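Everything below concerns the one structure shown next.
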Amino acid sequence: MEFETVIGLEVHAQLKTDSKIFCGCSTEFGAPPNTHTCPVCLGLPGSLPVLNKRVVEFALKMGVATGSEINRVNQFARKNYFYPDLPKGYQTSQFDKPIIEHGSVAIDVEGEKKTIGITRMHMEEDAGKLIHDEREPLSYVDLNRTGTPLLEIVSEPDLRSPQEASAYLKKIHAILRYLDICDGNMQEGSFRCDANISLRPVGEKTLGTRTELKNMNSFRNVQAALEYEVRRQRDLLLEGEDVVQETLLWNPDTGKTESMRGKEDAHDYRYFPCPDLVPVEISDEWLEQVRAGLPELPDQRRDRFINEFGLPEYDATILTDSRELADYFEAAQVECNQPKKVSNWMMTELLRELKGGSIEECRVKPEQLGGLLAMVEGGTISGKIAKTVFETMLETGQSPELIVKEKNLLQVSDESELLEIVQSIIADNPGQAEEFKNGKTKLLGYFVGQLMQRTKGKANPKLANKLFNQELNK
């Protein structure tokens, strides 16, 4: 029996506000435990929430960016459940009247383009954090994160493979970062994902029993966990056993999912409208102001890179993967007006040296990379020397002009100086010279290589080719 995989993702994105969603406490990461708290985010009796306007604005930006419907009147609700790091005993979220519904994003998996629907997005507050002591049977509670604003983004069950799920997650991540409403730091928990997955016989319309994978915080873990869960559920169904609806955790050390608890349904949370917060009303003027302030988004920028700079789609997709990488490319190409060469250097030399790190951490500024390539294009240095200079730039952060000057790496373009060396190399290699004259023209590369060795890579390669052709064909 063949099965079809059905996946839906719930993304929790911490919004980049300075203060929490219902109080003035700081959202800064890394502060000492329980220092960014107040009566409101601690849920103390008598305290009342006040909605942070910036949270609504950020939610509207994401809604407009994904072509979603904006509910002009939306409402907060109380989601009741007990957990040690939820001081109030309920979470202030949105239920039947969310701020955003019915959007979509486009993904590309191995050349196949697909549109993934977004069911809804809603604003809510984050819970605190439990820190478990592995040596003793106790846990510590840090409530600094309590009340940090979240935007929960719920997809339609349109994803049919772990690869599609990973592509969708990366696209949502990129849009949030381009909008500058979430820093996307998965290690710090700013961008987290829950996944619902089920299998059903091919052709069947009814969804199978789903399991939920909680709080995955890397693209690799999401894909690996879903791949494992596909295999596990498929084996159960083939053996005639039932898939149990439950919440699972992914253990990257064992490469397996582990049961966390039985899965709750919506009615288990006993939602009801929050009596402390009035409905949120979105005016036409506010929505238009948000729409007008939207930046260029990843897909738009990719298309512009293809049309304006003549880049292949593959290059443009890689370079627009993050706003910072795209900004770097544009700033670098301004210096040398060689977009394809800048693209090649970024995707080979630069990204290889970054080894997955952020472009913002790179010591080589975009203007310096553009300046280096301009020196190659202008004949000041050779391509081979440029790679040596680039290595020094990565280590020191110095400009290419300074490095070339200090190390005396200027390209030798004096014809008389090179001619003397060319004639000497031909005289030292009479056999190869004769073979060249007899039609073995590939030996030209050998002669140019000899010249590069003697000049330590500083000879002008175009002039070198010209002189060898001239002398060998006499």
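Here my numbering = 1-based position in the sequence shown + 78. By construction, the Cβ of each residue, glycine as well, lies at the ideal position given by its N, Cα and C atoms. Bear in mind that the values here come from a model prediction, so they are computed numbers and not experimental data.
Counting only the Cα atoms, GLN416 lies some 16 Å from THR458. Setting aside the 5 residues that flank it on each side, SER239 is surrounded in the same chain by THR83, each with a C-beta closer than 7 Å to its C-beta; the list follows chain order.
Straight-line spacing of the CA atoms in VAL358 and PHE100 works out to 14 Å. Residue range 297 to 316 is occupied by the alpha helix (DSSP H) that includes GLU305. Secondary structure at GLY262: coil, using DSSP grouped into helix, strand and coil.
Contiguous beta strand (DSSP E) elements confined to the segment 333 to 402 occur at 334 to 340, taking only those with 3 or more residues. In this model, PRO330 and PHE468 are separated by some 37 Å (Cα to Cα). Here GLY86 carries a strand assignment [DSSP, helix/strand/coil]. Between THR395 and ARG379, the C-beta gap is not smaller than 7 Å, which leaves the two residues out of contact. Only buried fits GLN169, as 16 or more other CB atoms lie within 10 angstroms of its CB. By the neighbour-count definition (other C-beta atoms within 10 Å, threshold 16), ASP258 is an exposed residue.
From the listed residues ILE463, ALA404 and GLY102, the smallest Cα separation to ILE437 is found for ALA404.
Buried is the label assigned to ALA243, since at least 16 other Cβ atoms lie within 10 Å of its Cβ. At a cut-off of 4 residues, the continuous stretches assigned as alpha helix (DSSP H) that sit fully inside the segment 472 to 537 are 478 to 484, 493 to 506, 508 to 515 and 521 to 532. Cβ neighbours of ILE253 within its own chain (closer than 8 Å, five residues either side excluded): MET140, ALA143, THR144, VAL183, LEU375 and PRO376. A Cβ-Cβ separation of about 6 Å places LYS292 in contact with LEU327 under the 8 Å criterion. For GLY141, the enclosing alpha helix (DSSP H) has its first and last residue at 131 to 143. Rounded to the nearest whole angstrom, the CA to CA distance from LEU304 to SER337 is 14 Å. For PRO279, the CB contacts under 8 Å within the same chain, skipping 5 residues up- and downstream, are MET79, GLU80, PHE81 and GLU82 in chain order.
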